[in-house]
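Residue numbers (the numbering used here): 3 to 135. The next block holds one structure in the form of structure tokens; read it before the comments.
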């Protein structure tokens, strides 16, 4: 029988130019001991609001790290030149956990993201060989 893990994510939102955290999103995710984390590549751009408040970005990124860690995951963020302003590599326990994190990020209004589910080379090889025996 799978265990149930409660993932509590702080939902942040803006009220009159002040960042407030007053709501929580709770996700119940069934997990098995020893589960492998799901990997995601998040491509991000600042919104007009996000670029106006870009000096606050390091604090917002710390909040994002905290959300991912509370979901039992880890992340790395890279600032980038080109089409996207940043790229995050995120590993969490489930698609549902990632969806909750992205919903929280989107609700802040500072970034727009595109998310790709990713598999390691080894995981991908297993998927491809299973599909073509």
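Virtual Cβ for every residue (Gly too), placed ideally from N, Cα, C. Since this is a predicted model, take the numbers as computed values, not measurements.
Within the region 55-85, the runs of beta strand (DSSP E) at least 3 residues long that lie entirely inside it are, in chain order, 76-81.
A direct Cα-to-Cα measurement between residue 52 and residue 131 gives close to 43 angstroms. Per DSSP, reduced to three states, the secondary structure at residue 49 is coil, with no helix or strand assignment. Here residue 67 has 77 as same chain residues with Cβ atoms under 7 angstroms from its own Cβ, once five neighbours each way along the sequence are excluded.
Look at residue 38 here: in three-state DSSP terms it is coil, with no helix or strand label. Non-local C-beta neighbours of residue 41 in its own chain, meaning closer than 6 angstroms and more than five positions away in sequence, comprise 93 and 120, ordered along the chain. Under the three-state reduction of DSSP output, residue 117 falls in the strand class.
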